[in-house]
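There are 2 protein chains.
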Amino acid sequence: MIVMLAGGVGASKLILGFSKLLGPEQLTIIGNTGDDIELLGLRICPDLDTIIYTLSGKVNPATGWGIGEDSFDCLQALKSLGGPSWFQLGDRDLATHLWRTSLLREGQSLTQVTHSIGQALGVQYRLLPMTDSYVPTYMVTDQGELHIQEYLVREQCRPILRELRYSNIEQAQPAPGVAEAILKAEAVVLCPSNPFISIGPILAVPGLQELLVQTEAPVLAVTPIVNQRALKGPTAKMLKELAYAVSPTSIAEIYKDFLDVFVLDERDWELREEIEALQIRVLTCNTVMTSMEDKINLARGLLEML
Amino acid sequence: MIVMLAGGVGASKLILGFSKLLGPEQLTIIGNTGDDIELLGLRICPDLDTIIYTLSGKVNPATGWGIGEDSFDCLQALKSLGGPSWFQLGDRDLATHLWRTSLLREGQSLTQVTHSIGQALGVQYRLLPMTDSYVPTYMVTDQGELHIQEYLVREQCRPILRELRYSNIEQAQPAPGVAEAILKAEAVVLCPSNPFISIGPILAVPGLQELLVQTEAPVLAVTPIVNQRALKGPTAKMLKELAYAVSPTSIAEIYKDFLDVFVLDERDWELREEIEALQIRVLTCNTVMTSMEDKINLARGLLEML
Numbered sequence: 005m006i007v008m009l010a011g012g013v014g015a016s017k018l019i020l021g022f023s024k025l026l027g028p029e030q031l032t033i034i035g036n037t038g039d040d041i042e043l044l045g046l047r048i049c050p051d052l053d054t055i056i057y058t059l060s061g062k063v064n065p066a067t068g069w070g071i072g073e074d075s076f077d078c079l080q081a082l083k084s085l086g087g088p089s090w091f092q093l094g095d096r097d098l099a100t101h102l103w104r105t106s107l108l109r110e111g112q113s114l115t116q117v118t119h120s121i122g123q124a125l126g127v128q129y130r131l132l133p134m135t136d137s138y139v140p141t142y143m144v145t146d147q148g149e150l151h152i153q154e155y156l157v158r159e160q161c162r163p164i165l166r167e168l169r170y171s172n173i174e175q176a177q178p179a180p181g182v183a184e185a186i187l188k189a190e191a192v193v194l195c196p197s198n199p200f201i202s203i204g205p206i207l208a209v210p211g212l213q214e215l216l217v218q219t220e221a222p223v224l225a226v227t228p229i230v231n232q233r234a235l236k237g238p239t240a241k242m243l244k245e246l247a248y249a250v251s252p253t254s255i256a257e258i259y260k261d262f263l264d265v266f267v268l269d270e271r272d273w274e275l276r277e278e279i280e281a282l283q284i285r286v287l288t289c290n291t292v293m294t295s296m297e298d299k300i301n302l303a304r305g306l307l308e309m310l
Numbered sequence: 005m006i007v008m009l010a011g012g013v014g015a016s017k018l019i020l021g022f023s024k025l026l027g028p029e030q031l032t033i034i035g036n037t038g039d040d041i042e043l044l045g046l047r048i049c050p051d052l053d054t055i056i057y058t059l060s061g062k063v064n065p066a067t068g069w070g071i072g073e074d075s076f077d078c079l080q081a082l083k084s085l086g087g088p089s090w091f092q093l094g095d096r097d098l099a100t101h102l103w104r105t106s107l108l109r110e111g112q113s114l115t116q117v118t119h120s121i122g123q124a125l126g127v128q129y130r131l132l133p134m135t136d137s138y139v140p141t142y143m144v145t146d147q148g149e150l151h152i153q154e155y156l157v158r159e160q161c162r163p164i165l166r167e168l169r170y171s172n173i174e175q176a177q178p179a180p181g182v183a184e185a186i187l188k189a190e191a192v193v194l195c196p197s198n199p200f201i202s203i204g205p206i207l208a209v210p211g212l213q214e215l216l217v218q219t220e221a222p223v224l225a226v227t228p229i230v231n232q233r234a235l236k237g238p239t240a241k242m243l244k245e246l247a248y249a250v251s252p253t254s255i256a257e258i259y260k261d262f263l264d265v266f267v268l269d270e271r272d273w274e275l276r277e278e279i280e281a282l283q284i285r286v287l288t289c290n291t292v293m294t295s296m297e298d299k300i301n302l303a304r305g306l307l308e309m310l
């Protein structure tokens, strides 16, 4: 059984690749919930939804998140009313948030709700939120502290990042099933996601890093940085602003306490020794997933390495 | 200043007629909130919304409620998730409920929220909820107790009504502005609405009926029953099941403690004496509002009588 620690869009590509090779019993995904937001009274879980929408084939292929061909009539009407319109809430997507919020209010846990939404949309793979607690990430920036979605969506990552705060994390614990999955895994894969806002919150859940040290499974990370650039999103900008080099080596360093294998892109093969010096094994292959074939090939490559 | 006590669709027709003749300072509407429902964590106020959508020109002309040409993508998606889909939530309409709920959670009163939603949609007329409390009407039926919307929408009024329960009403008080409006009115008009589920909840707010007795303004009711039939909705069925005759006289009887004038449809002129026997003055005219002209003519007729 492979366990994947996953953020949103980048992770979903690799998850989709794995899903074409492995059955539901062979894959468990632990999803970031640090990017969750409560907006208009709704609990929105962008990373979990991206994974569910991707695996159910509903995802918007143009963006990698949201639902394909969704309409935005509610959002437009909300704008007319003077409500917040910076967060892109599609009409179909909204149903997920309404239903999730409703089930949470009835007393179900996020684990239960995520399972039932996945089931309803035909997702057979096991997706666990990292925790059932609400632990939104806050970005401490030159423009003050912003909720991660305010930073990402409303401010388009413009503010300069000084620090991250995983709020309420000290009270959180891994969601039911998370510890067992990691301890019983044959391999743990950290997806090519942002180390600060996608993987970081998962690692910040008390006890989570200890599980990665404790498990007998190899822990493997796929680089989100290729050729000194982030494959997607603000990873490069964040690395710089937090005084890291924009290099796969920085990622390996961040994970070094528990990482066994680093998957470096073949374009960066010359960094191999730098990372090996951290006592981490390095594997090299194409990590850039543009086509479905790329996704399956990367997943197959990883399975073969393992 | 004319004060109208109003339910939903039937009332909105007459309100629209008055709005073509009177300016914002000359008309105050006190809207029923007994049909409010909390669904999916949203506070939905169907009667208030019908009035706002009607006055803003957004109403669906085919139904008399909801927003014209609204889409139902969220509702469809909700159905796929296994969520409740019996309540017709249009995508644009949903924005009203989301925004209202959000403002209520921030601590605004329903009066404030109703005002700001009306303003945002360009409604200049003063619409006051009958109370700021949540006082949903329950229908005691042969199939158990149902929330009024479950009875009206989900069960399509099929269960046999035995009794109504205006829940939580003893704790309610008239919303700010309601008492003053009634006491200062030049006339109070009970719209041609259902006496049990539209006007009934308003009259059940503690102190409300006393205000109607106390005001020096004539209190006038427009019949919702013409030619032994309800103009709209389940009024006739309810009258029967609650052991009233399906007759304008029953309506006049229900209101007789405070009613000065009953507006009878000209088709029912022979009932005049029956109602006058209740010590209520009777005026007769066409009360059936099909066209905009009908609405304006009825409003003009009432103003002339006053």
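Listed in order, the protein sequences are those of chains A and B.
The first sequence begins at 5 in our numbering and counts up by one.
The second sequence begins at 5 in our numbering and counts up by one.
Glycine included, each C-beta is placed from N, C-alpha and C at the ideal position.
- The C-alpha of residue 266/B is placed about 15 Å away from the C-alpha of residue 231/B.
- Nearest CB-CB separation between residue 105/A and chain B: below the 7 Å threshold.
- Considering only 156/B, 140/B, 63/B, the residue with the shortest C-alpha distance to residue 241/B is 156/B.
- One alpha carbon belongs to residue 129/A, the other to residue 209/B, and they sit about 53 Å apart.
- Restricted to the region 149-213 of chain B, the alpha helix (DSSP H) segments that are unbroken, complete and at least 4 residues in length are 182-188, 204-208, listed in chain order.
- Considered as a whole, the region 20-69 of chain A harbours 50-59 as its complete alpha helix (DSSP H) runs of no fewer than 4 residues, in chain order.
- According to the DSSP assignment, residue 288/B belongs to the beta strand (DSSP E) that extends over 285-289.
- For the 7 Å CB-CB criterion, residue 9/A and residue 203/A form a contact.
- Look at residue 53/B: its C-beta is not under 7 Å from any C-beta on chain A.
- Collapsing the DSSP output to three states places residue 269/A in a strand.
- When 286/A, 278/A, 127/A, 244/A are compared, the shortest CA-CA separation from residue 27/A is found for 127/A.
- Identification of chain B residues near residue 99/A by a Cβ-Cβ cut-off of 9 Å yields 77, 78, 79, 80, 81, 82, 83, 84, 85, 87, ordered along the chain.
- Checking the DSSP bridge columns, you'll see residue 224/B partnered with 193/B, 265/B.
- Of all C-beta pairs linking the region 240-259 of chain A to the region 270-287 of chain A, three or more are shorter than 8 Å, placing the two stretches in contact.
- Only residues of its own chain outside the window of five on either side were considered, and among them 155, 238, 241 have a CB closer than 7 Å to the CB of residue 161/A, listed in chain order.
- In this structure, residue 75/A sits away from residue 89/B, with a CB-CB distance that is not shorter than 7 Å.
- Sorting 117/B, 305/B, 263/B by C-alpha distance to the C-alpha of residue 217/B places 263/B at the top.
- Burial state of residue 166/B is exposed, judged by a 10 Å Cβ sphere holding fewer than 16 other Cβ atoms.
- Residue 233/B is bridged by DSSP to 230/B.
- Under DSSP, residue 71/B shares a beta bridge with 63/B.
- Take residue 297/A, set aside five residues on each side of it, and no residue of its chain has a beta-carbon closer than 7 Å to its own.
- Contact check between the region 178-192 of chain A and the region 144-154 of chain A: fewer than three CB pairs, one atom from each, fall below 8 Å, which does not count as touching.
- Note that the C-beta distance between residue 35/B and residue 133/B is below 7 Å.
- Per DSSP, the continuous alpha helix (DSSP H) segment holding residue 259/B begins and ends at 252-259.
- Secondary structure note for residue 303/B: its alpha helix (DSSP H) is the uninterrupted segment 296-309.
- Between the beta-carbon of residue 85/B and that of residue 103/A there is about 5 Å, and that keeps the pair under the 8 Å contact cut.
- Residue 133/A has 35/A as its beta-bridge partners, per DSSP.
- Taking residue 256/B as the centre and dropping the five residues before and after it, the same chain places the C-beta of 266, 279, 282, 284 closer than 6 Å to its C-beta, in chain order.
- Contacts with chain B (Cβ-Cβ distance below 8 Å) from the region 113-125 of chain A involve 120, 121, 124, 125, listed in chain order.
- Apart from the 5 residues on each side of it in sequence, residue 270/A sits with its Cβ closer than 7 Å to the Cβ of 288, 289, 290 in its chain, given in chain order.
- Only residues of its own chain outside the window of five on either side were considered, and among them 125, 126, 127 have a CB closer than 6 Å to the CB of residue 60/B, listed in chain order.
- Under the Cβ distance rule, residue 233/A does not count among the residues neighbouring chain B, no pair being separated by less than 7 Å.
- In this structure, the beta-carbon distance from residue 54/A to residue 12/A falls below 7 Å.
- Here the C-alpha atom of residue 228/B lies approximately 11 Å from the C-alpha atom of residue 18/B.
- Taking the C-beta atoms as reference points, residue 137/B is found nearer than 7 Å to residue 176/B.
- For a cut-off of 8 Å, the C-beta gap from residue 38/B to residue 139/B is around 6 Å, short enough to register as a contact.
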